[in-house]
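>
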């Protein structure tokens, strides 16, 4: 079975210069945990919900919020993203993709065919595929 059989094709992307307020708003309202960061329609990086938690002050939106806390959410996507993410193409076998993810301790693989982003494969997708077989 290939990643194309189970990958998510509706991929949400943000621009390199989007502020983390945009990233947080998307991740807070969506059922997924990874956003692809693009520039000129080319993949530049990935931001996960964990990346966001790691760089934001826990005091954002509370009574204890200070100017210093606010500055953490004013950062740009390119400042916190994982650069040059590992990618695979849609013909990659699920087993190979999962082994790659385990080897590099990552939660997703952008799927790129001939330079075009066609989907995203996550650990959740891989687990679902294994359970369905």
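In our numbering, the protein residues as written are 77 to 209.
Note that beta-carbon positions come from the ideal geometry of N, C-alpha and C, so glycine has one too.
Computed from a predicted model, the values in this text were never measured in an experiment.
Beta carbon of residue 90, beta carbon of residue 111: below 7 Å?
Yes, the pair counts as a contact, with Cβ atoms nearer than the cut-off.
> Rounded C-beta distance between residue 195 and residue 85? I'm assuming under 8 Å.
That pair is a contact at about 5 Å.
> Which residues mark the beginning and the end of the alpha helix (DSSP H) in which residue 117 is found?
Run containing residue 117: none; DSSP gives neither H nor E here.
> What runs of the beta strand (DSSP E), each 3 residues or longer, lie entirely inside the segment 105 to 165?
If we require 3 residues or more, the beta strand (DSSP E) runs fully inside the segment 105 to 165 come out as 110 to 115, 118 to 124.
> Suppose the cutoff is 8 Å on Cβ atoms and the five residues either side in sequence are ignored; what does the same chain contact list for residue 148 look like?
Result list for residue 148: 96, 131, 132, 133, 136, in chain order.
> Taking the straight line between their C-alpha atoms, what separation do you get for residue 101 and residue 78?
Computed Cα separation, rounded: 32 Å.
> What do you get for residue 127, buried or exposed, if any count of 16 or more other CB atoms within 10 angstroms of its CB means buried?
Under this definition residue 127 is a buried residue.
> Applying the 10 Å Cβ sphere with the 16-neighbour rule, what's the burial state of residue 107?
With fewer than 16 Cβ atoms within 10 Å of its Cβ, residue 107 is classed as exposed.
> Looking at the strands, I want to know which residues DSSP matches up with residue 95.
DSSP, once it has assigned bridges, lists 152 as partnering residue 95.
> Rounded to whole angstroms, what's the CA-CA distance from residue 94 to residue 151? Just pull it up for me.
For residue 94 and residue 151, the distance between alpha carbons rounds to 8 Å.
> Under 6 Å Cβ to Cβ from residue 125, same chain only, skipping five residues before and after it: list those, please.
For residue 125, where only same-chain residues beyond five positions count, the Cβ hits under 6 Å are 103, 109.
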